[in-house]
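S.K.: Those protein sequence lines, which keep their order, are chains A and G.
0 is the number of the first residue of the first sequence in numbering that gives the first Met the number 0; add one for each residue after it.
0 is the number of the first residue of the second sequence in numbering that gives the first Met the number 0; add one for each residue after it.
By construction, the Cβ of each residue, glycine as well, lies at the ideal position given by its N, Cα and C atoms.
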Amino acid sequence: MKDHLIAHLVAATHEVFETMAGTTLRSCPPIEPSAFAPMANVVATVGFAGGISGLVTLYSGFAAARAITGAMLGMEAAEVNGEMPDAMGEMANMIAGLFRSKLVAEGLPCDISIPTVTVGSDFSTRYGSEVTRVLCPFEMGNEEIFVGLALTGN
Amino acid sequence: MHLLVVDDSSTMRRIIINTLKKLGHNEIIEASNGREAIDRLAKDRVDLVITDWNMPEMSGIEFVRSVRTSRSREQLPILMVTTNAAHDDIVAAVEAGVNNYVVKPFTPETMREKIQAVTAGVEGGA
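See the structure below:
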């Protein structure tokens, strides 16, 4: 995975969390896994396709997702209920949108999809063997979240 | 000033409405897609539209083009809030009839400045 793509993804994630959730994340070193998948209850994914194609995915546990949603909407995390999937989809959408803007500025035109969000406690996500992946871990207080980038055909 | 917020995401509508209320705007109605927004425009007083781009059924661009076909709404200020921030996106939005553009993520200050820009000279503008 090219370093500048990871840098774009990390920068986009920081900007979205700081602006929309008032939350400063702490970046941890990226992981380039072959089979590793983060433990997550909420997985929000946005695809992008064009001069470069792939997926941007936001992974979090229930507690982190409720905290993020509460921060976005100006409510207590404990009050968050049905708002959470849509809010996490919007966070992924904004991260992917900022990431896409940086790609377009580099001459890699692409469009993004609408977000899809999976919520549960017993599921896993698998990718084809031709996909190149990186996972960027972030600490948000006592919680850990991941933002993943999967590229196809590059 | 009466505002119409159009977004398929209930989260984004709530964030935008929270932001608008912080900025002192309280006359706000909402729609979850372009078709619903057209219905609201026909029934309610609206001085400023704030719309998303990517929406099912009718995109923000299609909605804006539809609004601009009405002579009475040729001058209605329209602000687009979206992640589509590339030069070509902005050109497409302006060609469709959008007056100004807010790129997500955005701060309340950015929203205030954009609203002021599109409502300058509009009676009752913020």
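Kindly list, in the order they appear in chain G, the residues whose Cβ is closer than 7 Å to that of N92 of chain A.
M.R.: Within chain G, the residues near N92 of chain A are T82.
S.K.: Please tell me whether A95 of chain A and V133 of chain A are closer than 8 Å, where the distance is taken between their beta carbons.
M.R.: Contact flag unset, no.
S.K.: Measure the C-alpha to C-alpha separation of M11 of chain G and L22 of chain G and round it to an integer number of angstroms.
M.R.: C-alpha separation (whole angstroms): 16 Å.
S.K.: Would you say V15 of chain A and M83 of chain A are within 8 Å of each other, going by their C-beta atoms?
M.R.: No. Outside cutoff.
S.K.: Of all Cβ atoms in chain G, is any one closer than 8 Å to the Cβ of L97 of chain A?
M.R.: Yes - at least one Cβ of chain G is within 8 Å of the one on L97 of chain A.
S.K.: Given that L57 of chain A touches chain G, what residues does it touch there, using C-beta distances under 9 Å?
M.R.: What L57 of chain A touches in chain G: nothing, since even the nearest Cβ is about 14 Å away.
S.K.: Would you say the segment 67-76 of chain A touches the segment 53-61 of chain G, given that touching needs at least three Cβ pairs under 8 Å?
M.R.: Judged by Cβ distances under 8 Å, the segment 67-76 of chain A makes no contact with the segment 53-61 of chain G, as fewer than three pairs qualify.
S.K.: Going by CA-CA distance only, name the one from A:A48, A:V116 and A:F47 that's closest to G81 of chain A.
M.R.: Closest option to G81 of chain A, Cα to Cα, is A:V116.
S.K.: Mind checking whether R70 of chain G and G96 of chain G have CB atoms under 8 Å apart?
M.R.: No, the Cβ-Cβ distance between R70 of chain G and G96 of chain G is not below 8 Å.
S.K.: Could you check whether the Cβ of S100 of chain A sits closer than 8 Å to any Cβ belonging to chain G?
M.R.: By this cut-off, S100 of chain A is an interface position.
S.K.: Among A:I113, A:G60 and A:F122, which has the Cα closest to the Cα of N141 of chain A?
M.R.: Of the listed residues, the one whose Cα sits closest to N141 of chain A is A:G60.
S.K.: Which ranges does the alpha helix (DSSP H) cover as unbroken runs of at least 4 residues, wholly within the segment 102-145 of chain A, from first to last along the chain?
M.R.: Listed in chain order, there is nothing to give.
S.K.: Is the Cβ-Cβ distance between V130 of chain A and A149 of chain A less than 8 Å?
M.R.: For V130 of chain A and A149 of chain A, yes; Cβs fall inside 8 Å.
S.K.: Give the straight-line distance between the Cα atoms of F64 of chain A and V102 of chain G, rounded to the nearest whole angstrom.
M.R.: Checking the displayed sequence, the identity of residue 64 of chain A turns out to be Ala instead of Phe. Approximately 23 Å, taken between the alpha carbons.
S.K.: If we call anything under 8 Å between Cβ atoms a contact, is V5 of chain G one with T50 of chain G?
M.R.: Contact flag set, yes.
S.K.: If you measure between the beta carbons of V117 of chain G and N98 of chain G, is that distance less than 8 Å?
M.R.: Contact: yes.
S.K.: Just mark M93 of chain A as buried or exposed, buried being the case when its beta carbon has 16 or more other beta carbons within 10 Å.
M.R.: So M93 of chain A counts as buried.
S.K.: Can you pull the chain A neighbours of T50 of chain G, defined as C-beta to C-beta under 9 Å?
M.R.: Neighbours of T50 of chain G on chain A: none; closest Cβ ~16 Å, over 9 Å.
S.K.: With distance defined between alpha-carbon atoms, name the residue in G:M0, G:A85 and G:I15 nearest to S31 of chain G.
M.R.: That would be G:I15, whose Cα lies nearest to the Cα of S31 of chain G.
S.K.: Which residue wins for smallest C-alpha separation from D2 of chain A, given the options A:A77, A:D121, A:E31 and A:T44?
M.R.: The residue with the shortest Cα to Cα distance from D2 of chain A is A:E31.
S.K.: Quick check on L75 of chain G: does DSSP put it in helix, strand or coil?
M.R.: L75 of chain G: coil per DSSP, three-state reduction.
S.K.: Taking 8 Å as the CB-CB cut-off, is R13 of chain G touching chain A?
M.R.: Yes, because at least one Cβ of chain A sits closer than 8 Å to the Cβ of R13 of chain G.
S.K.: CA-CA distance, A119 of chain G and I144 of chain A?
M.R.: Going from the Cα of A119 of chain G to the Cα of I144 of chain A covers about 43 Å.
S.K.: Please list the residues of the segment 88-108 of chain G that have a C-beta atom closer than 9 Å to any C-beta atom in chain A, keeping them in chain order.
M.R.: Cβ contacts with chain A come from D88, V102, K103, P104, F105 and T106.
S.K.: According to DSSP, which residues form a beta bridge with R99 of chain A?
M.R.: Answer is none; R99 of chain A lacks a bridge partner.
S.K.: So with CB distances below 8 Å, who are the chain G contacts of G73 of chain A?
M.R.: In chain order: N17.
S.K.: According to DSSP, V55 of chain A sits in a beta bridge with which residue or residues?
M.R.: Answer is A:V45 and A:L148, bridged to V55 of chain A.
S.K.: Can you pull the chain A residues whose beta carbon is under 9 Å from the beta carbon of N25 of chain G, in chain order?
M.R.: Under the 9 Å cutoff, chain A gives no residues; its nearest Cβ is about 16 Å from N25 of chain G.
S.K.: Quick check on L4 of chain A - is its C-beta less than 8 Å from some C-beta in chain G?
M.R.: Not one chain G Cβ lies under 8 Å of L4 of chain A.
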